[in-house]
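Worksheet: the structure to be examined is printed underneath.
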Amino acid sequence: APLTRRKGNPKLLFMGLRKSGKSSVQKVVFQKMSPADTLFLEPTTRIEKASLQSFVTIDTAELPTSLLASPPELDHHAVFSNMGAVIWILDVQDDYLTSIASLIETTVFLAEHYPRINIDVFIHKIDGLSEEYKYDTFREVRQRVQDELSDVGHADKSVSYYQTSIFDHSIFEAMSKVVQKLLPQLPAMETLLNKLCSTCRIQKAYLFDTSSKIYVATDASPTFLRDYEVCSDYVDVVVDIKQIYGWQQRDKTQAVEDGGEIGESMVTCDHSGDTYIYAREINDHLSLLCVMGKGSSADKRVLIDYNVSILQTALVKVFRV
Ligand code: GDP
Numbered sequence: 039a040p041l042t043r044r045k046g047n048p049k050l051l052f053m054g055l056r057k058s059g060k061s062s063v064q065k066v067v068f069q070k071m072s073p074a075d076t077l078f079l080e081p082t083t084r085i086e087k088a089s090l091q092s093f094v095t096i097d098t099a100e101l102p103t104s105l106l107a108s109p110p111e112l113d114h115h116a117v118f119s120n121m122g123a124v125i126w127i128l129d130v131q132d133d134y135l136t137s138i139a140s141l142i143e144t145t146v147f148l149a150e151h152y153p154r155i156n157i158d159v160f161i162h163k164i165d166g167l168s169e170e171y172k173y174d175t176f177r178e179v180r181q182r183v184q185d186e187l188s189d190v191g192h193a194d195k196s197v198s199y200y201q202t203s204i205f206d207h208s209i210f211e212a213m214s215k216v217v218q219k220l221l222p223q224l225p226a227m228e229t230l231l232n233k234l235c236s237t238c239r240i241q242k243a244y245l246f247d248t249s250s251k252i253y254v255a256t257d258a259s260p261t262f263l264r265d266y267e268v269c270s271d272y273v274d275v276v277v278d279i280k281q282i283y284g285w286q287q288r289d290k291t292q293a294v295e296d297g298g299e300i301g302e303s304m305v306t307c308d309h310s311g312d313t314y315i316y317a318r319e320i321n322d323h324l325s326l327l328c329v330m331g332k333g334s335s336a337d338k339r340v341l342i343d344y345n346v347s348i349l350q351t352a353l354v355k356v357f358r359v
């Protein structure tokens, strides 16, 4: 099926100190483990691999840092040559200076040998810090990493930072951004979503990978965590409805090929009562979730349905190239 496969799947490598949360993040995001159950995970002591089969196939591998220092045990080329991003999990509840030292070493190694690999640092377990202390810690860690990179002559290496916790939506938001940077189709998807938003006067549109709840694209309007949270909860509703009413039943593949109408849509009021949410299954892996601002009404649904089928056809073309 053209929408489900692409060449060069995004490959992610999770690194970080022992017990920093590498397995937990993967299990919660990609395998729907409940955050509380991660308490009992065994610490990672070897390279572990997992693969998510979804809209985009994401390969993840987990690498305990100690291995980086011992080349005979680790075939660097095998591990890094196809890697898209290294996600460094930095546990703020632990002695993070040790982790930073190790991160610097890894960043220098990557900058010198595999400069195309993105480096994304998750400043993790932020839930353990009090509200006012969260941002201070985030800034302090970021500043320290930047300073130390300058000291070793790699000030120009670009590193991205995210505040994360498996106990809220922040981990999904961060993973979304990491994955998006690896999708060559991102600009095309963004253009399509921008167009949809302006034509239908939608406040915010997200294209979700249904199974992981990572969003693979959004329009250019400002992103608010609240919008993301509401939409992400509705992805579950889409999945439930699909199971109850069998959206799957129809022969969608054929309909997509014909550029015809597929998927069902749903318009519903958010709890607060002044926001409408539009939900539509795009294909087996993708869902479109839109936030319509105050004053909009469910009447717009026909207009949106029509424009979404145009978007759907265009997406098929984007991914066929
Ligand atoms: P790994 O060795 O890096 O794979 O670490 P694990 O994934 O086994 O996690 C170690 C511990 O950290 C587990 O007890 C998790 O429950 C806990 N943990 C992981 N993520 C978070 C988080 O975001 N917040 C908090 N408070 N604990 C976390």
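Residue 39 is where the sequence shown starts when you use our numbering, and the numbers rise one by one after that. Cβ coordinates follow ideal geometry from the N, Cα and C atoms, glycine included. On a predicted model such as this, the values are computed, not experimentally measured, just so you know.
With a minimum length of 4 residues, the unbroken runs of alpha helix (DSSP H) contained wholly in the region 186-256 fall at 208-218, 224-238. In the displayed model, N156 falls within a strand according to three-state DSSP.
Taking the Cα positions, S249 is about 42 angstroms away from D189. Measuring C-alpha to C-alpha distances from N120 to each of R154, L128, D132, Y134 identifies R154 as the nearest. For S325 against V276, the beta-carbon gap comes to about 5 angstroms, under 8 angstroms, which counts as contact.
Relative to the non-hydrogen atoms of ligand 1, the Cβ of H162 comes within a distance shorter than 8 angstroms of at least one. Judged by DSSP secondary structure, F147 falls within the alpha helix (DSSP H) whose first and last residues are 134-151. Remark: the C-beta of R56 is in contact range of ligand 1, defined as less than 8 angstroms to any heavy atom.
In this structure, ligand 1 has a non-hydrogen atom nearer than 8 angstroms to the beta-carbon of P73. For A74, there is no enclosing beta strand (DSSP E), as DSSP gives it neither H nor E. Looking at D185, T313, Y266, T202, the one whose alpha-carbon comes closest to that of S196 is D185. Contact fails between the region 63-79 and the region 240-248, because fewer than three Cβ pairs, one in each stretch, are under 8 angstroms apart. If you look at L324, you'll find it in the beta strand (DSSP E) that goes 324-330.
When rounded, the separation of the alpha-carbon atoms in V268 and D206 is 12 angstroms. Just so you know, the alpha carbons of L187 and Y200 end up roughly 18 angstroms apart.
For K49, the uninterrupted beta strand (DSSP E) run begins and ends at 49-54, by DSSP.
In this structure, the C-beta of K172 stays at least 8 angstroms away from each heavy atom of ligand 1. Put simply, the backbone Cα of K172 is about 44 angstroms away from that of Y344. Scanning its chain for C-beta atoms nearer than 6 angstroms, with the 5 sequence neighbours on each side dropped, one finds around T256 the residues Y244, in chain order.
9 angstroms or more divides the Cβ of S198 from the Cβ of H162. Inclusion of V346 and R318 in the CB contact set at 9 angstroms is warranted, their separation being smaller than that value.
In terms of Cβ geometry, F210 and K242 do not form a close pair [threshold 9 angstroms].
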